[in-house]
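One structure below.
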Amino acid sequence: MGRSPCCEKAHTNKGAWTKEEDQRLVAYIKAHGEGCWRSLPKAAGLLRCGKSCRLRWINYLRPDLKRGNFTQEEDELIIKLHQILGNKWSLIAGRLPGRTDNEIKNYWNTHIKRKLIARGIDPRTHQPASAGAVAPAPGAAASAAAPSSHRQHGDDKAAAVVRSSGCSSRDSSGDDDSTSGSSVPHQHQLVVGGIDLNLSLSPPTSQPSSPAAAN
DNA sequence: AACGTTACCAACCGCAGAGCA
DNA sequence: TTGCTCTGCGGTTGGTAACGT
Numbered sequence: 001m002g003r004s005p006c007c008e009k010a011h012t013n014k015g016a017w018t019k020e021e022d023q024r025l026v027a028y029i030k031a032h033g034e035g036c037w038r039s040l041p042k043a044a045g046l047l048r049c050g051k052s053c054r055l056r057w058i059n060y061l062r063p064d065l066k067r068g069n070f071t072q073e074e075d076e077l078i079i080k081l082h083q084i085l086g087n088k089w090s091l092i093a094g095r096l097p098g099r100t101d102n103e104i105k106n107y108w109n110t111h112i113k114r115k116l117i118a119r120g121i122d123p124r125t126h127q128p129a130s131a132g133a134v135a136p137a138p139g140a141a142a143s144a145a146a147p148s149s150h151r152q153h154g155d156d157k158a159a160a161v162v163r164s165s166g167c168s169s170r171d172s173s174g175d176d177d178s179t180s181g182s183s184v185p186h187q188h189q190l191v192v193g194g195i196d197l198n199l200s201l202s203p204p205t206s207q208p209s210s211p212a213a214a215n
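So in full-length UniProt numbering, spot 135 of the first sequence is number 135, and the numbers just go up one at a time.
Structure, rendered in structure tokens:
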């Protein structure tokens, strides 16, 4: 079968973004808002695929991004959240305003993993390295222990934790901000290690509501 | 000063799920 | 109800900078 490629690869640029491309993208989104990524590149006059534009915007150009070093607080929060959610970077990012899933994922892989290992903690199970090897973490944490089985079944448990709250990872973005009428509040109050993990799934950047938010 | 290695960040790829006709 | 399209997510890779020998 084969799905049609997300874009005409032959006519799209790849690799690092230029300043001009950034400017075009930002200008377009400021004027028209996000959405319809597939048609955006053409409309904005960019030789990029929609996916690429979305990623660039979300991970780099969004005006509300924090950028810069992670604080000790963020650090600990990421660890706690990862313990509960596993590699659900988008959900974790949702609890860290101004941070993107990609940024957190990178940070986890390059800093936190190492840090935990140095502390003698298995970064997947969040258990003492020796114990973790034999005793997988209970509950949701188990998902983190699951060998990255490509999010097929491995993280089902962590996902279940989230779903049980009436949300799916999709919801976070879907954000049917339905707040409006939805009888099921998208919240899940958790307190771990003294940190109140209110797992309400709000988009990382609650709506670029007003493009003007930029600057 | 040159070369090799390691660490970090940005971007790409493929898949799954939601929404719609 | 089914199939198709689009979006979003997570994993992985490539490029570059920093550091060490």
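Think of the CB as a built atom: it goes at the ideal place given N, C-alpha and C, for glycine as much as any other residue.
Note that this is a predicted model, so its numbers are computed, not measured.
Relative to Leu81, the option among Thr71, Phe70, Gly94, Asn69 whose CA is nearest is Gly94.
Contact between Asn13 and Arg48 holds: their C-beta atoms lie close to 6 Å from each other, under 8 Å. Only exposed fits Thr110, as fewer than 16 other CB atoms lie within 10 angstroms of its CB. The beta carbon of Arg24 sits closer than 7 Å to those of Ala44, Gly45, Leu46, all from its chain and outside the five residues before and after it, given in chain order.
Here the alpha carbon of Ile79 sits roughly 37 Å from the alpha carbon of Pro41. Setting aside the 5 residues that flank it on each side, Phe70 is surrounded in the same chain by Tyr107, each with a C-beta closer than 7 Å to its C-beta; the list follows chain order. In this structure, the beta-carbon distance from Val26 to Leu61 falls below 8 Å.
Ranking Lys88, Gly86, Ile92, Leu65 by CA distance to the CA of Leu77 puts Ile92 first. Counting every other CB atom within 10 Å of its CB across the protein chains shown gives Asp122 a total of 16 or more, marking it as buried. Per DSSP, Cys53 is one residue of the alpha helix (DSSP H) stretching across 50–56.
Looking at the backbone, the Cα of Pro63 and that of Gly98 are separated by about 9 Å. When DSSP assignments are scanned along the segment 20–76, no uninterrupted stretch of beta strand (DSSP E) that is 3 or more residues long falls wholly within it.
Taking 8 Å as the cut-off, the Cβ atoms of Asn59 and Thr125 do not count as close.
Ranked by Cα distance from Glu73, the first of Ile112, Ser52, Trp57, Cys36 is Ile112.
Of Ala118, Arg114, Gly35, the smallest CA-CA separation from Trp57 is found for Gly35. The Cβ atoms of Ile104 and Leu96 lie closer than 8 Å to each other.
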